[in-house]
Amino acid sequence: MRGTRVATLVLVGCVLALALLPLFAEKYYIQLFTKMMIMAIFAMSLDLLVGYTGLVSLGHAAFFGLAGYILAFAAPQYEAANLWLSLPLAMAGSGLLALIIGALVLRTSGIYFIMVTLAFAQMVFFVFHDTKIAGGADGIYVYAKPVADIAGWQPFTLDNHTHFYFVVLVLLVLVYALLRVLLASLFGRVIVGIRVNEHRMRSLGYRTFGYKLACFVLSGVLAGMAGYFAAAQFGFVSPDLLGWHQSGGVLMMVILGGMGTLNGAVLGAFSMMLLELGFQGLPAVGGVDIGKHWQLLMGGFIVLVVLLLPHGLLGLGRLASRLLRKPVEAGDD
Amino acid sequence: MDANTFLIQILNGIQYGLLLFLVASGLTLILGIMGIINLAHGSFYMVGAYLAFSLSQHFGSLWLAMAGGVVLAVAIGLALEWLLISRLYHRDHLYQVLLTYGLILMFEELRSLVFGDDVHGVAVPAILQASIPLTETLSYPVYRLWMSAVCIALAIGMYLLIQKTRLGMMVRAGAANREMVQSLGINIDLLYRLVFALGVALAAFAGMIAAPVASVFPGMGNQVLIICFVVVVIGGIGSVKGAMLAAILIGLVDTFGKVLTLQIGGVQVLPELSGMMIYVLMAVVLLARPEGLFGRRG
Amino acid sequence: MTEAVLRTERLCKHFGGLVAVSEVSLEFFIDRIHAVIGPNGAGKTTLTSLLSGDLASTSGHIYLDGEDIAGLRAERISQRGVGRSYQKTNIFLPFTAFENCRLAAQSRLPSSMRFIRSALGYREVNEEAMRALSEVGLAHRAQELAASLSHGEQRQLEIAMTLATRPRILLLDEPLAGMGSEDSARMVELLQKLKRAHAMLLVEHDMDAVFALADRLTVMVNGCVLESGAPEEIRASTAVQEAYLGTEETHT
Chain A
39 MRGTRVATLV LVGCVLALAL LPLFAEKYYI QLFTKMMIMA IFAMSLDLLV GYTGLVSLGH
99 AAFFGLAGYI LAFAAPQYEA ANLWLSLPLA MAGSGLLALI IGALVLRTSG IYFIMVTLAF
159 AQMVFFVFHD TKIAGGADGI YVYAKPVADI AGWQPFTLDN HTHFYFVVLV LLVLVYALLR
219 VLLASLFGRV IVGIRVNEHR MRSLGYRTFG YKLACFVLSG VLAGMAGYFA AAQFGFVSPD
279 LLGWHQSGGV LMMVILGGMG TLNGAVLGAF SMMLLELGFQ GLPAVGGVDI GKHWQLLMGG
339 FIVLVVLLLP HGLLGLGRLA SRLLRKPVEA GDD
Chain B
33 MDANTFLIQI LNGIQYGLLL FLVASGLTLI LGIMGIINLA HGSFYMVGAY LAFSLSQHFG
93 SLWLAMAGGV VLAVAIGLAL EWLLISRLYH RDHLYQVLLT YGLILMFEEL RSLVFGDDVH
153 GVAVPAILQA SIPLTETLSY PVYRLWMSAV CIALAIGMYL LIQKTRLGMM VRAGAANREM
213 VQSLGINIDL LYRLVFALGV ALAAFAGMIA APVASVFPGM GNQVLIICFV VVVIGGIGSV
273 KGAMLAAILI GLVDTFGKVL TLQIGGVQVL PELSGMMIYV LMAVVLLARP EGLFGRRG
Chain C
890 MTEAVLRTER LCKHFGGLVA VSEVSLEFFI DRIHAVIGPN GAGKTTLTSL LSGDLASTSG
950 HIYLDGEDIA GLRAERISQR GVGRSYQKTN IFLPFTAFEN CRLAAQSRLP SSMRFIRSAL
1010 GYREVNEEAM RALSEVGLAH RAQELAASLS HGEQRQLEIA MTLATRPRIL LLDEPLAGMG
1070 SEDSARMVEL LQKLKRAHAM LLVEHDMDAV FALADRLTVM VNGCVLESGA PEEIRASTAV
1130 QEAYLGTEET HT
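So the protein sequences, as listed, match chains A, B and C.
Numbered per the working numbering, the first sequence spans residues 39 to 371.
Numbered per the working numbering, the second sequence spans residues 33 to 330.
Numbered per the working numbering, the third sequence spans residues 890 to 1141.
Encoded structure:
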């Protein structure tokens, strides 16, 4: 089908463009795009949950932030942690938290589910914000980037921002490919079936709770991967990484791009971050520093998108392509 | 803990719980009757508090400020419902979440622009500044007792309105079947608008009366919202009775959690981790009865 | 015909004060169509839901192959060979007819916790799906989206999905609902064909179909069994005619 061939070409083109970026761009942009790719992984992990399984979680940042804190803990005082040990540890930690929270929240559905995911994430936020476990509201530093040391040999060094960029790019492509394979597998078909009609799935004999929980955990693990690198890049973890602005932001990315498409999550992540930068860079108008109050514009933007773009940006794209398609090719799909 | 301190904590716990009930009742009504999840509900609490602060400075009287503030809050609520919320009735909860999340961001920034980011205090009105003595050294503020009394009065008023009036009956019918009520000739849009305005007014008013006690600060809306979610989850969506029970329960658990000391296995659980108590409570309810204490099953 | 595949014993369902199903004792055998008829609100769909596990019974027993399945959830009951079709079409609208059946057939695999191999690579599952579609006569529409099927075809798909799970007993809740005469005739033929290998509960309002298909007829009124027996007996019964069939005849 012409549609999927075009989509594949566009995808390959984007990956190529990302791969070639460091050749032309300065350090600032390389680091910016690294951050965007990290958020894209985060967004894809949530899309698996929201777009494909139909579970709207308002507390996904809990798994994102926890991984960051695990990295900070895993690093011996002022030294670097080992990537090959700390990354799996962080992802496993997030997965374990997802298992515990999931076992509780998946007993609910609909509005309740949204509220309890938010509430549990707030609980995790509270633990890191209000107790002395991890520096409280001040957060803690990740003094050195993790080292990728295997018995003395280092294939790359995360101190180098270009190496960091490529590591994240590879992971982005890997996660995307993994999720595509997963969604086409037996498990993936069950997940999508649950979103479309969970009642029927159960009457067909599927024990849906187990599948939803597995999905929730996997989603948490991937969010942990993103959180780990976010902490590693920024060099600092604070409770805000777990906060609900983070949860709301990533949910917005998934919706903005177009949920349930995976591509939409990546698109949404890139778009939201560029938009945020754009708003923050606005000059002061009539004595009011718009840039400082960029969240006002972001909030307004979110409201407009919800009202006008139910299928997100990709929905726009699909509409446009349908309008532009010549009559002769109309029977192609 | 001696008897007087215990009494004070009970009173504090109940007072906090009643305040939570005021805010949560609006949330659960809007959720149960209109099926709308409104994340910006906490923002109205904040709006109420900030209005109390600025208007009381303007008018010199907290009473006038409250009166004016409620009117303003209701006006904002009505406008919001008419412009935005009404477009969400037929849409997935996800979009309601996002839109109201966007509203939170806007409210926060508007507050920052108009009132700044400082923490403010509001003076207790002169009439209510006294304290009732319990012992030679301990006394209990009249204002707090007044707060509890007002909350109870409003709760009774709500009960009467919903259970005993024609309007309340229409509201309950509208919750069960929107189309049916519409075909009966009742203007359901107006009905929903009123319910929303009522919910907003309750939240804003709660913020106003809480202001002298809890102070006025930027994060207050979000903070109360989360707790209200816990109240609604524990009490059951749409159940005002459940919201009352859950709110009092949470008020007491939270208050006592902060003053008791408890060590489990070398870890200082209370008062350090007292903030977690309400979530533990929610987890227990989820395990035992996922639809809440008074929620409808499935 | 020896043991009943499914047997209920004084089955009851109460919703608070409302009695929906009361003291219902029925049996279902292979190669027999047991039709349950009655006016609206008689408790027929509630009964079906109790048997499929969609609802939990208040009291009484349900024996599947001799084993008491009361309290088991729908998933487990389905895995034990009970297939149900719904009165209100309950399919996966965004999927193709084939995918609907494939997903149904997939449920019979020991586990769907498989993450790598493509779902379409499971040949036996695909074949089972096509078999089910062919059996209801929808094989030529396999690649159509379920949402774009006609109402009659959707009802057929509803049955096909149930068949794809290879059940021993079929609980059919108004399979002819909303169908024109042509579709109805086709459905009756299909049900006749399916009878041999399955036990069947048929809840229906279409009296022509019921009398053409039923080996045994049970009339329910207000949650209770009014009468149960051979179709001719029921037709001749004055009590039944007063309570139910009488009103049906005045309509036709």
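Ideal Cβ placement from N, Cα and C applies to all residues, glycine included.
Counted within 10 angstroms of its Cβ, other Cβ atoms place residue i as buried (16 or more) or exposed
i	result
residue 1022 of chain C	buried
residue 95 of chain B	exposed
residue 78 of chain A	buried
residue 905 of chain C	exposed
residue 198 of chain B	exposed
residue 95 of chain A	buried
residue 923 of chain C	buried
residue 269 of chain A	buried
residue 114 of chain B	exposed
residue 21 of chain B	Residue 21 of chain B cannot be examined here, being either before or after the span of chain B that is shown, 33 to 330.
residue 90 of chain B	exposed
residue 366 of chain A	At residue 366 of chain A, the pLDDT of 47 sits below 50, so the modelled position is not reliable and the matter cannot be decided from this model.
Coarse secondary structure for residue i, derived from DSSP in three states
i	result
residue 201 of chain A	helix
residue 68 of chain B	coil
residue 121 of chain B	coil
residue 1104 of chain C	coil
residue 331 of chain A	coil
residue 173 of chain B	strand
residue 1033 of chain C	coil
residue 165 of chain B	strand
residue 1139 of chain C	Bear in mind that a pLDDT of 45 at residue 1139 of chain C, under 50, signals an unreliable position, so the number given afterwards is only what the model happens to contain. Residue 1139 of chain C: helix per DSSP, three-state reduction.
residue 952 of chain C	strand
residue 368 of chain A	Since pLDDT at residue 368 of chain A reaches only 42, below the 50 mark, its modelled position is unreliable, and no value is offered.
residue 975 of chain C	coil
residue 254 of chain A	helix
residue 270 of chain B	coil
residue 71 of chain A	helix
Beta-carbon gap between residue i and residue j smaller than 7 Å
i	j	result
residue 1088 of chain C	residue 919 of chain C	yes
residue 241 of chain B	residue 179 of chain B	yes
residue 264 of chain B	residue 59 of chain B	yes
residue 129 of chain A	residue 326 of chain A	no
residue 65 of chain B	residue 272 of chain B	no
residue 103 of chain A	residue 289 of chain A	no
residue 917 of chain C	residue 234 of chain A	no
residue 230 of chain A	residue 90 of chain A	yes
residue 51 of chain B	residue 278 of chain B	no
residue 1117 of chain C	residue 1127 of chain C	no
residue 1077 of chain C	residue 1101 of chain C	yes
residue 68 of chain A	residue 199 of chain A	yes
residue 186 of chain A	residue 194 of chain A	yes
residue 172 of chain B	residue 159 of chain B	no
residue 946 of chain C	residue 977 of chain C	no
residue 233 of chain B	residue 102 of chain B	yes
Selected residue, minimal CA-CA separation from residue i, among the options
i	options	result
residue 209 of chain A	A:110, A:351, A:91 and A:82	A:82
residue 356 of chain A	A:295, A:54, A:278 and A:89	A:295
residue 134 of chain B	A:358, A:185, A:293 and A:253	A:293
residue 1012 of chain C	C:977, C:992 and C:1030	C:992
residue 122 of chain B	B:68, B:194, B:250 and B:160	B:68
residue 291 of chain B	B:297, B:283, B:303 and B:285	B:303
residue 1124 of chain C	C:1096, C:1113 and C:1110	C:1096
residue 835 of chain C	C:1005, C:956, C:961 and C:914	Past the edges of chain C, shown from 890 to 1141, lies residue 835 of chain C, and the structure says nothing about it.
residue 345 of chain A	B:126, B:100, B:266 and B:116	B:116
residue 189 of chain A	A:123, A:135 and A:305	A:123
Contact belief for residue i with residue j at Cβ below 8 Å, rounded distance in angstroms
i	j	result
residue 79 of chain B	residue 256 of chain B	Between residue 256 of chain B and residue 79 of chain B the Cβ distance is about 12 Å, and since that is not below 8 Å, they are no contact.
residue 314 of chain B	residue 162 of chain A	With 8 Å as the limit, residue 314 of chain B and residue 162 of chain A do not qualify as a contact, their Cβ atoms being about 13 Å apart.
residue 153 of chain B	residue 88 of chain B	In fact, because the Cβ distance is near 11 Å, the residues do not count as touching under 8 Å.
residue 257 of chain A	residue 84 of chain A	7 Å
residue 1105 of chain C	residue 223 of chain A	The pair is not a contact, with the Cβ atoms about 45 Å apart (cut-off 8 Å).
residue 949 of chain C	residue 1060 of chain C	At roughly 17 Å, the Cβ-Cβ gap does not stay under 8 Å, so residue 949 of chain C and residue 1060 of chain C are not in contact.
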